[in-house]
Every structure is written in C-alpha cells, then in structure tokens.
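If you're matching them up, the sequences are chains A and B in order. The first sequence begins at 1 in the UniProt record's numbering and counts up by one. The second sequence begins at 1 in the UniProt record's numbering and counts up by one. Cβ atoms here follow ideal geometry from the backbone N, Cα and C, with glycine treated the same way. Here the structure is a predicted model, which means the values were calculated and not measured. Worksheet: one structure, shown below.
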Amino acid sequence: MTAPGGGPVLRVRKLGVSFGQTSLVDGLNFDVGRGEIVALVGESGSGKSVSSLAILGLLPGADISGSAVLHAPGPAGDRDGIELLGRPERLLRPLRGKRVSMIFQDPMSSLNPIRTIGAQLREILALHAGLDGRAAERRAVDLLAQVGIVDPQGCMRLIPQRLSGGMRQRVVIALAIAGGPDLLIADEPTTALDVTIQAQVLRLLLDLRADMGMAMVFITHNLAVASAIADRVVVLYAGQIVEDAPAAAFFAAPRMPYSRGLLAAAPGLDRIASGARRLGTLPGQVPPPDERGAGCRFAPRCAWMMPDPCARRMPALEHVAPAGPGGPPHLARCARLEEIGE
Amino acid sequence: MTGPVPPDPVPLLSLRGLSKTYLRRDGLLTRPRAVAAARDVTLDIARGEVLGIVGESGSGKSTVGRMAMRLLEPTAGAVHLDGADITHLSEQALRPLRHKMQMIFQDPSASLNPRQSIRQILTTPLRLRGVAGADATQEMLETLALVGLGPDVLGRAPSTFSGGQRQRLSIARALLMKPELIVADEAVSALDVCVQAQIVNLFRHLRDRFNLSILFIGHDLAVVGVISDRIAVMYRGTLVEIAPTEQLFRRPRHPYTARLLSAEPRRGVLSAPAPPATPAGQHAPDGCVFSARCPHAADACRTRQPALAPVAPGHRAACIRTDLDLEGILPHSN
C-alpha cells in the first residue's frame with residue numbers, strides 16, 4: 001500500500017522498552033507505509049501496546065531506546081522526519097492529534113465525561129486546525145457525519161454518557177482524525193464492541209484510510225479482525241517481532257512456528273465446515289520477561305525445536321523468500337525456516 | 001410455544017416459555033415500564049449436547065443461563081431438569097439438585113476465594129458429596145489431571161495462577177460436583193487465543209468423556225460455533241433462531257442471524273458492500289423485535305412477534321418471511 005515515491009510514514013528501528021532491569025520489548029524494527037494498515041498482533045504480554053505507547057511518549061517511567069521517526073507523507077515529505085523517542089513532552093504534544101493520533105479499547109479513556117461532544121471537538125479543532133466559532137462548529141458537525149453519527153447536530157449537545165459504546169467510539173475516532181493525522185494508532189479499538197458494531201467501525205476505519213490516506217497501526221489479539229482489516233501483519237512474541245508479512249501471505253502460509261500455532265488455535269469458520277472442531281494448541285506459556293533465554297524465545301514450546309541452534313542462539317528476523325523488486329517483504333524469525341518449509 | 005418433539009424423549013434441561021421482566025423507571029416522575037430481558041424462551045438441551053447461545057449485549061443470553069441455573073427467578077415460564085419441574089422448588093428442596101448443574105463464569109478469580117488454598121477450594125464440593133480422606137485426595141488429583149493440572153497446585157493460592165489456569169481450576173471444582181449440566185457464561189472470553197483453544201478443547205473432551213450437557217453462552221460466533229452442536233441466537237430478549245451449527249452458518253433463516261454472520265470478521269469481508277443501513281429505532285411494541293432493523297420487514301412484521309416455528313428438520317426460526325433466501329457464511333452443501 002506504500003504510495004509510489006513515498007517513504008514510510010513511521011519508521012521504527014531497534015525499539016526497546018524496559019522498566020528497571022526488566023526488558024519488555026527489544027529490537028523492534030518495522031515500517032508503516034503511507035495509507036497502510038499494519039496489524040500488530042500477539043497475546044497479552046507480547047509487548048504490542050507497550051510499544052505503541054512508547055512511540056507516542058505515553059509511557060512515563062520507562063527506559064526507551066532506539067528510534068521511531070515520523071515522516072511527512074508523499075514525495076515532497078521531509079527527508080529526515082521527526083524523531084519521536086526522547087522528544088520532550090512539550091514538543092510531542094503538538095504532534096499528537098495533528099500528525100499522529102491514538103485511540104483505545106475504552107472510548108471513555110479519551111473522552112471528558114462531563115463536557116459535551118461539541119465542546120470537546122471544538123477544543124481539538126482550535127488546537128490543531130486553528131478553527132473557532134462558526135467554522136469550528138461546521139467542521140465538528142462534518143466530522144461527526146463523516147464517522148457515521150446519524151444526527152450530528154444533536155450529538156454535539158450531548159455528553160458521552162448519553163451515547164452507546166459504538167457511538168462513543170465513533171466520537172473518539174472523530175476527535176482522533178480532527179487534526180488530519182497521517183497515522184492513527186488504534187489499540188484494540190473494537191474489542192469492547194458487539195460484532196455488528198465492530199463491523200461498522202472497521203468499515204469506517206477503512207473508509208477513512210481511503211478518504212484521507214491515513215496510515216494505521218491496528219493493535220489486536222484477534223486474528224480474524226486482523227485478517228479483515230490489515231495490509232500487513234506483524235506478530236509479536238515475548239517482546240520481539242517474530243513475523244512481518246503481507247496479510248494475504250501471512251494468512252495463507254504463516255512461516256514462523258509460533259504464528260502457525262496462533263492460527264491453528266484460532267476458531268476459524270473453515271473448521272466448522274470441515275467438522276475438524278478440535279483447535280490446535282501450543283504447550284506451555286509465554287515466558288515472562290525475566291525468564292527469556294539466550295536462544296529463540298519460542299524454542300521451549302516449539303515442535304520443530306533443535307537444541308542447536310534454537311536453544312542457543314537467537315535467530316534473526318530474515319526474509320522468508322527473496323522479495324521481488326519493490327515487492328513487499330515477508331520476514332520471519334526462525335533458524336529452521338527452510339527445513340520446515342511452507 | 002412448544003416446538004417439534006425433541007429427539008431425546010426427556011431432555012436433560014428444558015426451558016419452557018421463560019420470561020424475565022424488569023420494571024424500569026426512566027425518570028423520577030414517570031411511571032415504571034416493563035423491560036423484557038428475556039421473552040418466552042423455549043429450548044431443550046439433550047444429554048451430552050453442547051448448545052450454544054449467541055447474541056450481542058442486551059440480547060438476554062446471560063439472563064437465560066442464570067434462569068436455567070435457578071440463580072434468577074423467571075417472571076413466567078418453567079425450568080425442567082430431567083423431566084421434573086424445578087421452577088418453584090425452595091432453596092432447600094433445590095439443594096440436592098444443585099450439584100447436577102454447575103456454572104462457569106468469565107472471570108474465574110471472582111469465584112475462587114483468594115484466602116483459600118486450591119486444596120481447600122476443591123475440598124468443598126467433595127465434602128458436599130460426602131467424599132473425604134484418601135478418596136477425596138485421589139478424586140481431587142484425578143480431576144486436576146483431567147483439566148491439565150498437576151498435584152503441585154494443591155498448596156497454592158488462586159492468585160498464583162494465570163487466567164487460563166484459574167479457569168481450569170474453576171472447571172475442576174465444578175466437575176467435582178459430578179454435574180450433568182454445565183452452564184458456561186463467556187467462559188473463554190477473557191483468555192488469550194492459545195489458552196482459549198485449550199479450554200474449548202477441554203469442554204468438548206469433558207462432554208465426550210462424561211456425556212455432559214453444556215450450555216455455552218458467548219458473543220464470539222466463531223468460538224461458540226466451534227464448540228456447539230446446536231446454536232440458539234438471541235436478539236433483544238427473544239430467541240429468534242435455533243439450528244444445528246453447520247446448518248445455521250450455511251443457511252440462516254432469520255434476518256438477524258444473517259446480519260450477525262455477515263458481521264463476523266474474516267478476510268475480504270469489509271470489501272463486500274455493507275448491509276443496508278437500517279435505523280436503530282424502537283420496534284413496534286407488538287411487532288417482531290427485529291422489525292425496526294430488518295431489511296425484509298413486511299407490514300405483518302410490525303403487528304405481531306412470530307413464534308419460533310420449524311423451517312427444516314431440527315431448525316426453527318421466529319420469522320414469517322420463510323420465502324427469503326438468506327446468505328450464510330459457509331457454502332451451501334447441496
């Protein structure tokens with residue numbers, strides 16, 4: 001989905017997050033292209049939320065290393081970009097909402113419970129678009145209409161409590177896109193919603209991508225949701241990226257054994273049709289941060305594990321197959337990729 | 001109200017026209033109005049059957065589960081266990097039957113006393129059954145092994161376990177009552193996918209091994225689909241469709257079921273055209289509960305809530321538009 005000539009909107013290199021002696025995430029490298037939707041998937045404790053909070057400077061008290069550079073999109077964009085990591089809060093604040101926005105599972109974490117939707121939208125518009133008075137009012141109503149609020153004028157006068165969960169998440173999305181950001185980081189944005197409402201919100205996000213060219217990092221534990229929305233899938237396991245692939249290739253043939261296990265454990269509809277109702281399982285559990293060995297972190301649970309090299313050396317994140325010229329790469333972290341095959 | 005004769009002459013659990021109505025006052029000065037959390041729900045669970053109930057929030061699926069367990073008094077209707085009407089049994093008369101029905105909840109830590117060791121927690125059901133001493137210890141260990149836990153857990157406190165292990169423990173405790181029916185309410189919803197898969201497999205294994213009946217309540221269609229032999233679909237307190245799982249997925253007969261299936265996230269689903277937008281408004285008080293949102297609603301739909309009626313063998317739907325050919329999410333088999 002990367003536009004021709006346009007570099008990535010976000011380039012993350014060697015991102016590490018630790019609290020004191022405990023390293024939660026290390027060595028994260030990934031790009032988000034202009035207009036691209038990257039799903040960051042993994043189980044709890046994999047580091048997917050921590051990584052995105054670190055990128056936005058929303059993780060006070062953490063030691064953060066590496067680099068996360070935000071680029072203006074398009075061929076005329078800035079070559080050097082803006083380094084987000086280590087940037088002082090007073091310089092980060094103007095970027096949030098304007099260049100990059102974030103939405104969460106619980107819409108109330110982003111809304112003021114006692115102010116009207118209109119007041120909250122006008123405030124954001126004054127801050128990021130320099131709009132006030134009538135102009136702000138008009139733009140706010142437009143935004144609410146854009147996110148599918150049926151009666152935007154009426155909604156402006158309501159406080160969040162008067163809205164359903166799905167409507168609140170739409171309002172949060174309206175607030176997040178008000179500044180016209182190039183990148184939206186969405187952390188489990190539909191997890192708390194009913195499935196029919198989830199489908200509507202996912203459609204809305206796809207429409208916004210089409211209309212605004214907005215890129216997205218979509219954090220989810222739900223592989224079915226990732227398969228519905230993502231262009232790329234990045235799988236995290238125990239604080240590391242273990243696979244990074246175009247979504248079609250990933251769901252057709254995941255390569256890293258953990259990714260395979262994850263897909264085999266997911267209750268897919270195809271199982272119901274085939275009558276093979278037994279779900280795949282992985283032995284053991286994700287190692288806590290202080291019990292990660294020197295070898296592959298998945299080795300203790302892996303059916304293909306060989307004492308050497310798997311338990312001894314950490315495999316690198318490597319190309320599964322030589323990427324064609326300009327073709328999207330498919331990377332996996334496994335020393336035995338060739339032996340295991342597809 | 002009564003459907004076709006179920007295959008099992010005496011189903012283990014039979015819910016007959018169950019309703020639960022709450023009085024809700026919208027304002028200080030307004031009259032309270034009746035809100036139906038569940039309306040005239042009739043269904044049977046055979047021995048050894050896994051029956052799923054799916055629905056979105058407010059559908060009444062948990063209300064039905066709690067009424068089946070006699071944890072919630074129905075406003076109308078009856079609950080039969082093994083052919084006997086238990087709807088109005090006193091708590092005392094109910095006690096000997098309680099062990100036959102066990103409930104598993106979404107949050108296992110809320111039902112495991114944090115001050116007790118696992119041994120203490122697991123002793124309670126055994127004591128209720130009059131099992132003590134070496135027999136108790138042996139049964140405890142066998143049951144722990146069944147749910148995939150070792151003897152080392154006995155001395156530990158609930159807080160030292162992961163969410164998946166705690167759910168195994170609450171299943172072990174339920175099994176020690178030697179139940180015939182387990183009502184599982186969103187029992188795997190809080191678990192990571194790999195742990196969820198293990199618990200789903202465990203439920204099916206227990207059904208196969210002990211011929212347990214399981215009422216599996218959930219919001220995730222794929223999870224409920226994988227575990228259930230039949231699925232009941234609820235919408236706003238009303239049971240709108242019930243069918244064998246595959247049949248429901250291949251050929252839904254109620255427009256709400258079709259809507260639910262079409263929303264199921266999967267590859268390519270969002271590139272298909274969105275289902276027709278329908279206003280959320282209140283349906284006519286006497287009409288079909290789905291009529292206000294239904295793209296196929298006819299005039300007759302706004303005057304009467306249709307009863308659940310047979311549409312195919314083992315398949316019932318509460319919809320008068322039997323002429324519709326609704327889209328499922330699995331290919332038609334014929």
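Thr245, Glu246 and Phe249: these are the residues of the region 236–256 of chain B whose beta carbon lies less than 7 angstroms from some beta carbon of chain A, given in chain order. Note that the C-beta distance between B/Gln106 and B/Asp185 is below 8 angstroms. Assigned with DSSP and collapsed to three states, A/Ala332 falls in strand.
For B/Val35, not one C-beta of chain A is nearer than 8 angstroms to its own C-beta. In terms of beta-carbon proximity, A/Ala228 lines the interface with chain B, with at least one pair separated by less than 8 angstroms. Counting along the chain, A/Thr220 sits inside the beta strand (DSSP E) bounded by residues Ala215 to Thr220.
The beta-bridge partner set that DSSP reports for B/Gln102 consists of B/Ile182.
For the region 220–294 of chain A, the continuous alpha helix (DSSP H) assignments of 4+ residues that do not extend past its boundaries occur at 223–229, 247–252, 257–265 and 269–274, in sequence order. By a beta-carbon distance limit of 8 angstroms, A/Leu282 does not contact A/Gly295. Their separation comes to about 17 angstroms. Here the C-alpha atom of B/Val153 lies approximately 16 angstroms from the C-alpha atom of A/Gly284. Nearest CB-CB separation between B/Ile329 and chain A: below the 8 angstroms threshold. Residue environment for A/Ser274: exposed (fewer than 16 other C-beta atoms within 10 angstroms of its C-beta).
Inter-residue distance for A/Arg292 and B/Val35 is about 53 angstroms (C-alpha atoms, whole angstroms). Residue-level contact by beta carbon fails for B/Val289 and chain A, as no gap is shorter than 8 angstroms. In this structure, the beta-carbon distance from B/Val183 to A/Ala228 does not fall below 8 angstroms.
Within the region 61–121 of chain B, the runs of alpha helix (DSSP H) that reach at least 4 residues and sit entirely inside it are, in chain order, 61–68 and 91–98. Taking a beta-carbon distance threshold of 8 angstroms, A/Leu144 does not count as an interface residue toward chain B. By the beta-carbon neighbour count (other beta carbons within 10 angstroms, threshold 16), B/Pro108 is buried. The secondary-structure analysis by DSSP pairs B/Thr21 across a beta bridge with B/Ala36.
Chain A has no Cβ within less than 8 angstroms of the Cβ of B/Pro295.
Scanning the region 211–283 of chain B for uninterrupted alpha helix (DSSP H) segments of 4 residues or longer gives 221–227, 245–250 and 255–262, listed from N- to C-terminal end. Inter-residue distance for B/Arg266 and A/Ala224 is about 5 angstroms (C-alpha atoms, whole angstroms). Sixteen is the threshold: since fewer than 16 other Cβ atoms of the shown chains lie within 10 Å of the Cβ of A/Lys14, the residue is exposed.
Counted as a single uninterrupted DSSP element, the stretch harbouring B/Gly52 is not any alpha helix (DSSP H) but the beta strand (DSSP E) occupying residues Val50 to Val54. Here A/Lys48 carries a helix assignment [DSSP, helix/strand/coil].
In the three-state reduction of the DSSP assignment, A/Leu28 falls in the strand class, which pools E and B. Assigned with DSSP and collapsed to three states, A/Ile114 falls in coil, not helix or strand.
Within the region 186–204 of chain B, the residues whose Cβ lies closer than 9 angstroms to some Cβ of chain A are Asp192, Val193, Cys194, Val195, Gln196, Ala197, Gln198, Val200, Asn201 and Arg204, listed in chain order. Interface annotation, B/Val226: in contact with chain A, CB-CB separation under 8 angstroms.
When C-alpha distances from B/His88 are compared across B/Pro74, B/Pro96 and B/Leu51, the shortest belongs to B/Pro74. Residue pairing of B/Pro158 in beta bridges, as defined by DSSP: absent, with no partner found. Under DSSP, A/Thr22 shares a beta bridge with A/Phe19. Within the region 132–143 of chain B, no residue has its Cβ closer than 7 angstroms to any Cβ of chain A. Within the same chain, and ignoring the five residues on either side of B/Leu72 in sequence, the residues whose Cβ sits closer than 8 angstroms to its Cβ are Lys20, Thr63 and Arg66.
By the neighbour-count criterion, in which 16 or more other beta carbons inside 10 Å mark a residue as buried, B/Ser90 falls on the exposed side.
The residue among B/Ala292, B/Val311, B/Ala258 and B/Pro275 with its C-alpha nearest the C-alpha of B/Val54 is B/Ala258.
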